[in-house]
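One line per chain: the protein sequences are A and B, in this order.
Quick note: the first sequence, position 157, residue 157 per this note's numbering, numbers continuous.
Just add 355 to wherever you are in the second sequence, counting from 1, and you've got this note's numbering.
Just so you know, even glycine gets a beta-carbon here, dropped at the ideal spot from N, CA and C.
Have a look at the structure below, then the notes.
There are 2 protein chains.
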Amino acid sequence: TPEVALKAIRNFGQKVIEYSHSAGNEPYRIKLSHYYQNIGINVDHNDIIISTGGSEAIAFAFQVCLNPGDEVIIPEPFYTNYNAFALTAGVKVVPITSDIHTGFALPPVSDFKKAITPRTKAILICNPNNPTGYLYSEDEIKQLGQLALEHDLYLLSDEVYREFCYDGHNHFSVMELEGMDEHTVLIDSVSKRYSECGVRIGALVSKNKKLIATALKFAQARLSPPSLGQVIGEASLDTPAEYFKEVYDEYILRRNLVIEGLNKIPNVLAPMPKGAFYTIISLPVDDADTFCQWLLEDFSYEGQTVMLAPASGFYATPGLGKNEVRIAYVLKSDDLKNAVKCLEEALKVYPGRTR
Amino acid sequence: TPEVALKAIRNFGQKVIEYSHSAGNEPYRIKLSHYYQNIGINVDHNDIIISTGGSEAIAFAFQVCLNPGDEVIIPEPFYTNYNAFALTAGVKVVPITSDIHTGFALPPVSDFKKAITPRTKAILICNPNNPTGYLYSEDEIKQLGQLALEHDLYLLSDEVYREFCYDGHNHFSVMELEGMDEHTVLIDSVSKRYSECGVRIGALVSKNKKLIATALKFAQARLSPPSLGQVIGEASLDTPAEYFKEVYDEYILRRNLVIEGLNKIPNVLAPMPKGAFYTIISLPVDDADTFCQWLLEDFSYEGQTVMLAPASGFYATPGLGKNEVRIAYVLKSDDLKNAVKCLEEALKVYPGRTR
Numbered sequence: 001t002p003e004v005a006l007k008a009i010r011n012f013g014q015k016v017i018e019y020s021h022s023a024g025n026e027p028y029r030i031k032l033s034h035y036y037q038n039i040g041i042n043v044d045h046n047d048i049i050i051s052t053g054g055s056e057a058i059a060f061a062f063q064v065c066l067n068p069g070d071e072v073i074i075p076e077p078f079y080t081n082y083n084a085f086a087l088t089a090g091v092k093v094v095p096i097t098s099d100i101h102t103g104f105a106l107p108p109v110s111d112f113k114k115a116i117t118p119r120t121k122a123i124l125i126c127n128p129n130n131p132t133g134y135l136y137s138e139d140e141i142k143q144l145g146q147l148a149l150e151h152d153l154y155l156l157s158d159e160v161y162r163e164f165c166y167d168g169h170n171h172f173s174v175m176e177l178e179g180m181d182e183h184t185v186l187i188d189s190v191s192k193r194y195s196e197c198g199v200r201i202g203a204l205v206s207k208n209k210k211l212i213a214t215a216l217k218f219a220q221a222r223l224s225p226p227s228l229g230q231v232i233g234e235a236s237l238d239t240p241a242e243y244f245k246e247v248y249d250e251y252i253l254r255r256n257l258v259i260e261g262l263n264k265i266p267n268v269l270a271p272m273p274k275g276a277f278y279t280i281i282s283l284p285v286d287d288a289d290t291f292c293q294w295l296l297e298d299f300s301y302e303g304q305t306v307m308l309a310p311a312s313g314f315y316a317t318p319g320l321g322k323n324e325v326r327i328a329y330v331l332k333s334d335d336l337k338n339a340v341k342c343l344e345e346a347l348k349v350y351p352g353r354t355r
Numbered sequence: 356t357p358e359v360a361l362k363a364i365r366n367f368g369q370k371v372i373e374y375s376h377s378a379g380n381e382p383y384r385i386k387l388s389h390y391y392q393n394i395g396i397n398v399d400h401n402d403i404i405i406s407t408g409g410s411e412a413i414a415f416a417f418q419v420c421l422n423p424g425d426e427v428i429i430p431e432p433f434y435t436n437y438n439a440f441a442l443t444a445g446v447k448v449v450p451i452t453s454d455i456h457t458g459f460a461l462p463p464v465s466d467f468k469k470a471i472t473p474r475t476k477a478i479l480i481c482n483p484n485n486p487t488g489y490l491y492s493e494d495e496i497k498q499l500g501q502l503a504l505e506h507d508l509y510l511l512s513d514e515v516y517r518e519f520c521y522d523g524h525n526h527f528s529v530m531e532l533e534g535m536d537e538h539t540v541l542i543d544s545v546s547k548r549y550s551e552c553g554v555r556i557g558a559l560v561s562k563n564k565k566l567i568a569t570a571l572k573f574a575q576a577r578l579s580p581p582s583l584g585q586v587i588g589e590a591s592l593d594t595p596a597e598y599f600k601e602v603y604d605e606y607i608l609r610r611n612l613v614i615e616g617l618n619k620i621p622n623v624l625a626p627m628p629k630g631a632f633y634t635i636i637s638l639p640v641d642d643a644d645t646f647c648q649w650l651l652e653d654f655s656y657e658g659q660t661v662m663l664a665p666a667s668g669f670y671a672t673p674g675l676g677k678n679e680v681r682i683a684y685v686l687k688s689d690d691l692k693n694a695v696k697c698l699e700e701a702l703k704v705y706p707g708r709t710r
């Protein structure tokens, strides 16, 4: 968390912690719109609803863009909680499978076309992607934009990892698409950008006036987003560039270390992520769920083991991801090195090894 | 907001604002369970899910206790936002009308019985009541408990105004009912108790283990309640008794002044509220919506006018509350005096006066 944000909260001077505007404090929204304008997203404060975390922005997007029984297409593997918000909104998730051998790039547009039905109302992407670490290119986003336009769909984009793009790749937002103002919806959050998961501040952003007006009704029902979180969020917009540089350098270091180490293990495939701080890798095991449990219960190397998330939970299609796990490189470098070594040793002795 | 809470936030010492447990920080829940135990509500921290305001606790209660298409019975007039959460959960609200001439006491249990259908799954009350200021008696709560038990219904109780009970009346919580652990659900919030509306911290409380386990799944989907709000909420539990005494004395003063003043106006009926800081009064007007608008647009007395909330919005039954308005006595005494005087003068000249 940036010092400028922690300072703002320590200097909190109000005597009564009142409700804010249901769309969030106007000065915060104005300042946030400047942040967006600076990165090529041309919105003003009326296009923004401050939400209680990115989570609530996803919930609002589903509730506003889709009716119960409608369908949203999401490339899989995807962030598991999308399922929960879809379930709550009565929306059906239709997955399109992306492939580890392309680094989880956007599946061919023809796959999307095949999945579109009269009930399809939206496509949701996460860019950069949790859990795959894939960063969609400008060309891929434009293909999706074209598709959304042709079939009159909303294009929802969860861009909470925007600041985490590596190797000189630029982030291209759906909000930069031209002629798509009525279709594009941005889901955002301060959680990852400033390491402020606990403040529960996000945003729903769209130039579609009717969509924002409807979302505001849902926002009014829950009265307001957290006031103290907004103080933090607003102050965080003044975070100096060095903060991000330090974070960025550290993640590059960790990523390279982990991916190189993993790919040296025989029969392990670890695509190089271009964004966020996750990747999904494949392992020479019979069943990643069984393997992950075995790691915790029956294995140790020099008194330690490693905890991995089986990837099956990130797929909506049953049976997929059975030999894949998600890695988050959020630990310190030394711990990551030990974890990779530990995984290597574990694979040597795991009874369910396949190759 | 109590000084002890503001101090806690100014002394916030964490370096990273992380997610909390989805059910809320355990130390906070433990301390909160002691608060409940002290007021006769025998719960432990595992019976508590910290929510993002009372609003989210209501949303969770509807989502967990009712399926889409199920019915919840609510005495009307009621807090308007219940409608929004019911709509989101796909739940049908069935109102039972309470009467201004009994001060909006609990309608006869026979009225509830008539409204119960095979789809009825829950009864929701607000105690003390927003918007009526009515405080349900122990006997009334027991009648509801008996009814819920007979028909296997959940009894949901929004008790966010618990600390605001007047004239020596004690608050009796649904959680004090014996043999009802599987049926009773408490909705709570720090907003009113400590004047902390903006922190967005509430709670869903129940001894029903399965219900709490299901609610936790919804809680996990949105990751965690606000971390800073929980710091405030936990610190607020140490609020000294004098704080409440001061607040209490002030509200009693305001209430008596307003209700006495209103009842002196010819043909105005203002029941004496026993809790919260609202009341619904009837006026000798043709249509309260028209009257309230007329007050704002076409009337002034000594350069001022008065803003009232038409009561029709608090009724689910069309046509009810047409000559009623809700009063909130949250202003300073002098302002309240002026407002009462202003209303008296307005009624003298309002063209739609009926008596």
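Review point. Can you name, in chain order, every residue of its own chain whose Cβ lies under 8 Å from the Cβ of Phe-12(A), other than the five neighbours on each side?
Key: Leu-228, Val-231
Review point. Just how far apart, CA to CA, sit Leu-510(B) and Arg-353(A)?
Key: 53 Å
Point to revise | Contacting positions in the region 190-213 of chain A - beta carbon closer than 7 Å to chain B | key: Ser-195, Glu-196, Cys-197, Gly-198, Val-199, Arg-200
Practice item. List the whole-angstrom C-beta distance separating Tyr-603(B) from Arg-681(B), where the pair is believed to meet the contact cut-off of C-beta under 8 Å. Key: That belief does not hold up - the Cβ atoms of Tyr-603(B) and Arg-681(B) are roughly 21 Å apart, past 8 Å.
Review point. For Ala-328(A), which residues from the same chain have a beta carbon less than 7 Å from its beta carbon, with the 5 sequence-adjacent residues on both sides left out?
Key: Phe-277, Tyr-278
Check your understanding: Considering only C-alpha positions, which residue in the set Asp-181(A), Gly-133(A), Gln-63(A), Ala-346(A) is nearest to Arg-214(A)?
Key -> According to the sequence displayed, residue 214(A) carries Thr and not Arg. Comparing Cα-Cα distances from Thr-214(A) to each of Asp-181(A), Gly-133(A), Gln-63(A), Ala-346(A), the minimum goes to Gln-63(A).
Practice item. Could you name the residues that DSSP lists as bridge partners for Cys-520(B)? Key: Gly-630(B)
**Study point:** 8 Å Cβ cutoff met for Ser-453(B) and Glu-431(B)
**Key:** yes
Check your understanding: Whose C-beta lies closer than 6 Å to the C-beta of Ser-637(B) among residues of the same chain, with five residues either side of it excluded?
Key -> Ile-455, Leu-624, Asn-678, Glu-679
Point to revise | Coarse secondary structure for Glu-150(A), derived from DSSP in three states | key: helix
Exercise for review: Figure out for me which residue from Ser-655(B), Phe-519(B), Tyr-489(B) has the closest Cα to the Cα of Phe-433(B).
Suggested key: Tyr-489(B)
Exercise for review: From the DSSP output, read off the bridge partner residues of Val-325(A).
Suggested key: Ile-281(A), Pro-310(A)
Practice item. Note the first and the last residue of the continuous beta strand (DSSP E) segment covering Gly-229(A). Key: Segment 227-236 is the alpha helix (DSSP H) holding Gly-229(A); no beta strand (DSSP E) there.
Check your understanding: Going along the chain, which residues of the region 33-64 of chain A sit with their C-beta nearer than 8 Å to a C-beta in chain B?
Key -> Thr-52, Gly-53, Ser-55, Glu-56, Ala-59, Gln-63
Review point. Can you find a CB in chain B that lies within less than 8 Å of the CB of Ser-227(A)?
Key: yes
Check your understanding: DSSP beta-bridge partners for Ser-544(B)?
Key -> Gly-557(B)
Exercise for review: Compare the C-alpha of Ser-137(A) against each of Asn-25(A), Cys-197(A), Glu-176(A) and name the closest.
Suggested key: Glu-176(A)
Exercise for review: Ignore the nearest five residues each way along the sequence and tell me which others in Cys-697(B)'s own chain have a CB closer than 7 Å to its CB.
Suggested key: Tyr-656, Gln-659, Thr-660, Val-661
**Study point:** Under 7 Å from the C-beta of Tyr-374(B): neighbouring residues of chain A
**Key:** Cys-197, Gly-198
Exercise for review: Inspect the CB distances between the region 503-517 of chain B and the region 470-484 of chain B and report whether three or more fall short of 8 Å.
Suggested key: yes
Practice item. Mind reading off the beta-carbon distance from Ile-403(B) to Ser-388(B)? Whole number of angstroms is fine, and I expect it under 8 Å. Key: 6 Å
Practice item. Please report how far the alpha carbon of Ala-378(B) lies from the alpha carbon of Phe-646(B), in whole angstroms. Key: 46 Å
Review point. How would you list, in chain order, the residues of chain A whose beta-carbon sits under 7 Å from the beta-carbon of Val-371(B)?
Key: Thr-1, Ser-195
**Study point:** Separation of Asp-689(B) from Gln-575(B), as counted between CA atoms
**Key:** 47 Å
Check your understanding: Once you ignore the five residues that flank Ala-361(A) on each side, which residues in its own chain have a CB closer than 6 Å to its CB?
Key -> No information on residue 361(A) is available, as it lies outside the stretch 1 to 355 that chain A covers here.
**Study point:** Where Leu-331(A) falls, given that 16 or more other Cβ within 10 Å makes a residue buried
**Key:** exposed
Check your understanding: Interface residues of chain A around Asn-436(B) at Cβ under 9 Å?
Key -> Gln-220, Ala-221, Arg-222, Leu-223
Review point. What number of angstroms, rounded off, separates the C-alpha of Arg-200(A) from the C-alpha of Asp-653(B)?
Key: 43 Å
Review point. Within 8 Å (strictly less), CB to CB, does Ile-9(A) reach chain B?
Key: yes
Review point. From Val-613(B) to Ser-191(A), what does the alpha carbon distance come to, in whole angstroms?
Key: 46 Å
Check your understanding: Below 8 Å, can you find three or more Cβ-Cβ pairs linking the region 558-569 of chain B to the region 591-607 of chain B?
Key -> no
Practice item. Find the nearest neighbour of Thr-539(B) within the set Lys-703(B), Asp-513(B), Phe-440(B), judged by alpha-carbon distance. Key: Asp-513(B)
Review point. Can you round the beta-carbon distance between Ala-558(B) and Ala-412(B) to whole angstroms, since I take them to be within the 8 Å contact cut?
Key: 6 Å
Review point. Could one say the Cβ of Ala-694(B) lies closer than 8 Å to chain A's Cβ atoms, at least one of them?
Key: no
Practice item. Measure the beta-carbon distance from Leu-541(B) to Ser-550(B) and round it to whole angstroms, keeping in mind my assumption that it falls under 8 Å. Key: 21 Å between Cβ atoms; not a contact.
Check your understanding: Going by C-alpha distance, which of Met-627(B), Pro-639(B), Leu-691(B) is nearest Asn-484(B)?
Key -> Met-627(B)
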